Amino acid sequence: MIDLKLLREKPEIFKKAARNKNFEIDIDKILDLDRKRRDAARAVDNLRAEQNSASEIIAGEKDKDEKKDIIGKMRNLKADLEKSEESLKNIDAELSSLLMQIPNVPFDNVPVGKNDKDNVVLREVGKKQIFAFEPKDYMKIAKQRGWIDVERASKVSGSRFGYIKGELALLEFAIIRYVFDFLMNSERLNKVIQSAACDVRDTAFMPVLPPVVVKPEYMDAMGFLTGDIAEDMYFLEKDNLYLVGTSEQSIGPMHSGETFNDSNLPLRYVGFSTCFRREAGSYGKDTKGILRVHQFDKIEMISFCHPEKSRDEHRFLLALNEAMMNEFELPYRVVHISTGDMGLSKAEQFDIETWIPSENTYRETHSASNITDFQARRLNIKHKGNDKSGYVHMLNATAFAIGRILIAIIENFQTEDAKVKIPKELQSYLGRVEIPSQK
């Protein structure tokens, strides 16, 4: 939710944000409703004051006829108050609903554009592998080695599911352990901070395995029930719960209604969870393997920080992404996401796209976003210190979307005989230098 006081003072900021983010929202209507809400609230307060005053008069009135007359007026006053309270309640509900639809304001440096075609590539990093043979796509290798089975998964669960088996399953857990070890190590974090020149603390991340279902009010507070993104959510109607599409959806609300001391910020989590997305509207080649599926595993970084530190914290999360990608020796590029491709809640977003040799292109594998106080206002998560208080800033970044990084590893480290070399940083977790075939 946005700052209502700022909306009243500078409505043009929010009109521009909605326009640049492709959200149709009538800001003038909201401001008019806000004025009606304040008028209705004053009317209710005045009627309550009259009611209290009448009660005091009755208590001190000795004349029976006069008291009877005042009691009669109080009945009418009570009816007027109930009517006014109901009107205020209805206005409140409508205003709250509309306020939840106003998108977060992008930072001034964010590229303005209609969609992903207007995203800006900032840099390409890493050396692309030059193969002495025609590289195979990951599914050919995975099928040959018995690592991925989408046919049997389709039989059991329907389209866009897959069994990850054998050594590839072990590689997934090696990646998870690697990420946890990296993000829990303050010394390694400090090296990234120094390298990226970020003014943040080297506070280690706390690992968490969160719930994979979320109540509607919290999913809405996180900003995932407004716009096209809502169509991607799985809803369990009988239980009135949503399945998470990313662990930030259940980790973010964990501290709803709480206030942090500034000395305890930033608070960082690294969450691992299975995620679920309907992938509505997806079609074609992307849906044949495990690139775009209904169920996948993901490691997510979440940070609660002081508002003055969120820009640096965002750069730090992106630097962590790049540090881990560099340790895996995977070629990638960093993309600055345009306003029209960011969605409701984000003030700024960077994506990392990893090189996929068989397609001769980059594919999105990571996303790092600064949500500022947008979610914190909805969740009522605050900070205090030095006689100042306010809402924290919340940020999130993909550590690794497991399925997609497995694809990148298979494709970039394949050999001519369809074996796959293991990135050096993962070899100690598996006790070998390449992934053998499934027996």
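Numbering (UniProt numbering), first residue to last: 1 to 439.
Quick reminder that beta carbons are idealized off the backbone N, C-alpha and C, glycines included.
Because the structure is a prediction, the values reported are computed rather than measured.
Where do the N-terminal and C-terminal ends of the beta strand (DSSP E) with residue i fall, by residue?
{"i": "residue 267", "result": "267-276"}
{"i": "residue 297", "result": "295-305"}
{"i": "residue 334", "result": "332-336"}
{"i": "residue 367", "result": "361-370"}
{"i": "residue 395", "result": "393-401"}
{"i": "residue 122", "result": "120-125"}
Helix, strand or coil, according to DSSP, for residue i in the structure here?
{"i": "residue 207", "result": "strand"}
{"i": "residue 310", "result": "helix"}
{"i": "residue 356", "result": "strand"}
{"i": "residue 180", "result": "helix"}
{"i": "residue 388", "result": "strand"}
{"i": "residue 243", "result": "strand"}
{"i": "residue 325", "result": "helix"}
{"i": "residue 374", "result": "helix"}
{"i": "residue 194", "result": "helix"}
{"i": "residue 50", "result": "helix"}
{"i": "residue 290", "result": "coil"}
{"i": "residue 381", "result": "coil"}
{"i": "residue 27", "result": "helix"}
{"i": "residue 341", "result": "helix"}
{"i": "residue 164", "result": "strand"}
{"i": "residue 73", "result": "helix"}
{"i": "residue 229", "result": "helix"}
{"i": "residue 173", "result": "helix"}
{"i": "residue 114", "result": "coil"}
{"i": "residue 346", "result": "coil"}
{"i": "residue 433", "result": "coil"}
{"i": "residue 235", "result": "strand"}
{"i": "residue 44", "result": "helix"}
{"i": "residue 34", "result": "helix"}
What first and last residue would you give for the alpha helix (DSSP H) that runs through residue i?
{"i": "residue 261", "result": "Not the alpha helix (DSSP H): residue 261 falls in the beta strand (DSSP E), residues 259-261."}
{"i": "residue 476", "result": "Given that the chain is displayed from residue 1 to residue 439, the structure contains no residue 476 and the question cannot be resolved."}
{"i": "residue 145", "result": "138-145"}
{"i": "residue 150", "result": "150-157"}
{"i": "residue 11", "result": "11-20"}
{"i": "residue 250", "result": "248-251"}
{"i": "residue 220", "result": "216-221"}
Determine the contact status of residue i and residue j, defining contact as a CB-CB distance below 9 Å.
{"i": "residue 363", "j": "residue 372", "result": "no"}
{"i": "residue 21", "j": "residue 199", "result": "no"}
{"i": "residue 218", "j": "residue 324", "result": "no"}
{"i": "residue 381", "j": "residue 256", "result": "yes"}
{"i": "residue 226", "j": "residue 17", "result": "no"}
{"i": "residue 183", "j": "residue 399", "result": "yes"}
{"i": "residue 137", "j": "residue 428", "result": "no"}
{"i": "residue 5", "j": "residue 91", "result": "no"}
{"i": "residue 491", "j": "residue 97", "result": "Nothing in the structure corresponds to residue 491, since the chain is present only between 1 and 439."}
{"i": "residue 377", "j": "residue 69", "result": "no"}
{"i": "residue 228", "j": "residue 279", "result": "no"}
{"i": "residue 293", "j": "residue 161", "result": "yes"}
{"i": "residue 331", "j": "residue 391", "result": "no"}
{"i": "residue 242", "j": "residue 208", "result": "no"}
{"i": "residue 175", "j": "residue 164", "result": "no"}
{"i": "residue 40", "j": "residue 88", "result": "yes"}
{"i": "residue 167", "j": "residue 152", "result": "no"}
{"i": "residue 361", "j": "residue 401", "result": "no"}
{"i": "residue 313", "j": "residue 352", "result": "no"}
{"i": "residue 99", "j": "residue 1", "result": "yes"}
{"i": "residue 141", "j": "residue 25", "result": "no"}
{"i": "residue 481", "j": "residue 435", "result": "The requested residue 481 does not occur in the structure, where the chain is confined to residues 1 to 439."}
{"i": "residue 261", "j": "residue 383", "result": "yes"}
Starting from the C-beta of residue i, find all residues in its chain whose C-beta is less than 7 Å away, skip the five residues before and the five after it, and write them out in chain order.
{"i": "residue 193", "result": "200, 202, 316"}
{"i": "residue 107", "result": "347, 348"}
{"i": "residue 211", "result": "250"}
{"i": "residue 246", "result": "275, 298, 300"}
{"i": "residue 105", "result": "13, 14, 17, 347"}
{"i": "residue 135", "result": "357, 358, 411, 414"}
{"i": "residue 47", "result": "77, 80, 81, 84"}
Within its chain, find whatever has a CB closer than 8 Å to the CB of residue i; leave out the 5 residues flanking it on each side and keep chain order.
{"i": "residue 288", "result": "139, 150"}
{"i": "residue 248", "result": "222, 271, 300, 302, 396"}
{"i": "residue 393", "result": "304, 305, 306, 307, 309, 310, 313, 370, 371, 372, 373, 376"}
{"i": "residue 54", "result": "70, 73, 74, 77"}
{"i": "residue 253", "result": "214, 218, 221, 222, 379"}
Here's a check: name, in chain order, each residue in its chain whose Cβ is nearer than 6 Å to the Cβ of residue i, leaving out the five neighbours to either side.
{"i": "residue 349", "result": "337, 342, 369"}
{"i": "residue 416", "result": "133"}
{"i": "residue 328", "result": "423"}
{"i": "residue 413", "result": "420, 421"}
{"i": "residue 128", "result": "331, 355"}
Worksheet entry | Cβ contact (3+ pairs, closer than 8 Å) linking the stretch 260-272 and the stretch 298-306 | yes
Within the chosen definition, does the stretch 121-138 reach the stretch 28-38 through at least 3 CB pairs nearer than 8 Å? no
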